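Novice: After the structure tokens below, expect a handful of questions from me.
Protein chains: 2
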Amino acid sequence: MKLYHSNGSPNARRVRMLIAEKGLDVELVPVDLGSREQHSNAYLAINPRGVVPALVLDDGTVIGEAPTIMRYLDDASAPPSLYGTTPAEKAVVAMWERRMETEGFAAVMEGVRNAAGGLKGRAVSGLHGYEQIPDLIDRSKQRVANFYDDLEAQLGRSAYVAGDRFSAADITALATVDFATKAFSMPIPEGRSAVKRWYAVVSSRSSATA
Amino acid sequence: MKLYHSNGSPNARRVRMLIAEKGLDVELVPVDLGSREQHSNAYLAINPRGVVPALVLDDGTVIGEAPTIMRYLDDASAPPSLYGTTPAEKAVVAMWERRMETEGFAAVMEGVRNAAGGLKGRAVSGLHGYEQIPDLIDRSKQRVANFYDDLEAQLGRSAYVAGDRFSAADITALATVDFATKAFSMPIPEGRSAVKRWYAVVSSRSSATA
């Protein structure tokens, strides 16, 4: 298997962290986002959506979309699973993983894409051009602030995002916090003691360096 | 099992269509979005995110998020699956289902939520209030137009969204087209013959009335 990725892509990092957690043998193939290699004909022949990450299986099957790749790699590999054992357990983890994405990760991404000078005319990922909307920067900040509030409440109820065990939901939550901190100047706010306790634990896992 | 839903919710319709396709025995419990019952204390005790749909299993486990519920119901029920048989097949369907959502369904939703008079101050679903951003209406229209272009290309390559068989990806695509038509005045554009051929086929399935 090959994972087309970029060190600078937080979506690719979600997949790399899962690979590291599970100790999977996946070849990493860098795609240079700086020169827009993801929009080159060579890369579009692999992933027509023009984004990283993309996983190419040994039979040539291409799987795109970070959470889909994460779930596939977990489903196709030996236990322990980062989603759970039963369909219901997997659904609860997938639900939380998705909430971390839609309420956290996607909010940071929207803020960054509508703010960054280098992304003018490319405010939505993919091949289609869209102008930036400056009002989205503030809305994204509000959403990320609310994400931290909600995460504090959830981590007050359980040790990890989806319950008592580390799961794929923690991977996306950690990627979100680091992305918000580095690219959107929104680190964990003061007073969020449950988030800080959780962050100390999950960021010290060896997968966090992936 | 009980599905908390609303007839007016296109996200709930995605789940109802999957239930109908698989012939599952799920009790439908209506939630009145008009009176904001989804934000009532009684409903928040079921789904703290304050949105429909939510699936409650017989043991009390709550599963939220439309695509997560769809995948759970498919995983937990007898074949034939609406995702496929192998992990790779399931991943390819899940990838396409997600693309239909992020590039189509979510674009329509964003346009509607930022345009509708009744949704002032509630431009993002959930419990947190966000003001509408009028510039998002035009951007959403551009995104939906591009969605139709891309769907035309894909359906020129295969009979259904994710290949030669009807799948969960077609459910989300059909829900998107009907939502765009009814709530965003963006029916299938002229000249999209592959989309129209596909639409005639999938909209005639009995599940389309769900």
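Which chain is which? The protein sequence lines are A and B, in order.
Residue numbers for the first sequence follow the UniProt record's numbering, beginning at 1 and rising by one.
Residue numbers for the second sequence follow the UniProt record's numbering, beginning at 1 and rising by one.
Think of the CB as a built atom: it goes at the ideal place given N, C-alpha and C, for glycine as much as any other residue.
A quick note: this is a predicted structure, and the numbers were derived from the prediction, not measured.
1. What residue range is occupied by the uninterrupted beta strand (DSSP E) comprising residue 2 of chain B?
2. What ranges does the alpha helix (DSSP H) occupy inside the UniProt domain "GST N-terminal" (1-81) of chain B, keeping only unbroken runs of at least 4 residues that lie completely in it?
3. Excluding the 5 residues flanking residue 124 of chain B on each side, which residues of the same chain have their C-beta closer than 6 angstroms to its C-beta?
4. With residue 165 of chain B as the anchor, note down where its alpha helix (DSSP H) starts and where it stops.
5. Using the rule of at least 16 other Cβ atoms within 10 Å of the residue's Cβ for burial, across every protein chain shown, is residue 215 of chain B buried or exposed?
6. What residue range does the alpha helix (DSSP H) around residue 152 of chain B cover?
7. Compare the C-beta of residue 152 of chain A against all C-beta atoms of chain B and say whether one is closer than 8 angstroms.
8. Could you give the DSSP three-state label for residue 98 of chain A: helix, strand or coil?
9. Residues of the region 198-210 of chain A in Cβ contact with chain B at a cutoff of 8 angstroms, in chain order, please.
10. Is the beta carbon of residue 53 of chain A less than 8 angstroms from the beta carbon of residue 11 of chain A?
11. So which residues of chain B does residue 128 of chain A contact, with C-beta pairs closer than 7 angstroms?
12. Relative to the alpha-carbon of residue 144 of chain A, which residue among A/133, A/101, A/122 has its alpha-carbon at the smallest distance?
13. Compile a chain-ordered list of the residues in the region 78-101 of chain A whose CB is closer than 8 angstroms to at least one CB of chain B.
14. Just reading off the alpha helix (DSSP H) that residue 196 of chain A is part of, what are its end residues?
15. Determine the DSSP secondary structure at residue 122 of chain A, reduced to helix, strand or coil.
16. Would you call residue 42 of chain A buried or exposed, if buried means 16 or more other Cβ atoms sit within 10 Å of its Cβ?
17. Near residue 219 of chain A, what residues of its chain come up, given a Cβ to Cβ distance below 6 angstroms and the 5 sequence neighbours on each side ignored?
18. Could you list the residues in the region 162-176 of chain B with a C-beta less than 8 angstroms from some C-beta on chain A, going in chain order?
19. Kindly list, in the order they appear in chain B, the residues whose Cβ is closer than 9 angstroms to that of residue 297 of chain A.
20. When burial is assigned at 16 or more other CB atoms within 10 Å of the CB, is residue 67 of chain A buried or exposed?
21. Less than 8 angstroms between the C-beta atoms of residue 201 of chain B and residue 96 of chain B, yes or no?
22. Would you mind telling me which residues of chain A sit closer than 7 angstroms to residue 64 of chain B, beta carbon to beta carbon, in chain order?
23. I want to see whether chain B comes within less than 8 angstroms of residue 124 of chain A, judged by CB atoms only; does it?
Specialist: The structure says:
1. 2-5
2. 10-22, 41-44, 66-75
3. 130
4. Counting along the chain, residue 165 of chain B falls outside any alpha helix (DSSP H), and DSSP gives it neither H nor E.
5. Since the first residue of chain B shown is 1 and the last is 210, residue 215 of chain B is not available in this structure.
6. 135-157
7. no
8. helix
9. none
10. yes
11. 146
12. A/101
13. 87, 88, 90, 91, 92, 94, 95, 98, 99
14. 193-202
15. strand
16. exposed
17. Because chain A spans 1 through 210 in this model, residue 219 of chain A falls outside it and cannot be assessed.
18. none
19. Because chain A in this structure spans residues 1 to 210, residue 297 of chain A falls outside the shown range and cannot be described.
20. buried
21. no
22. 95
23. yes
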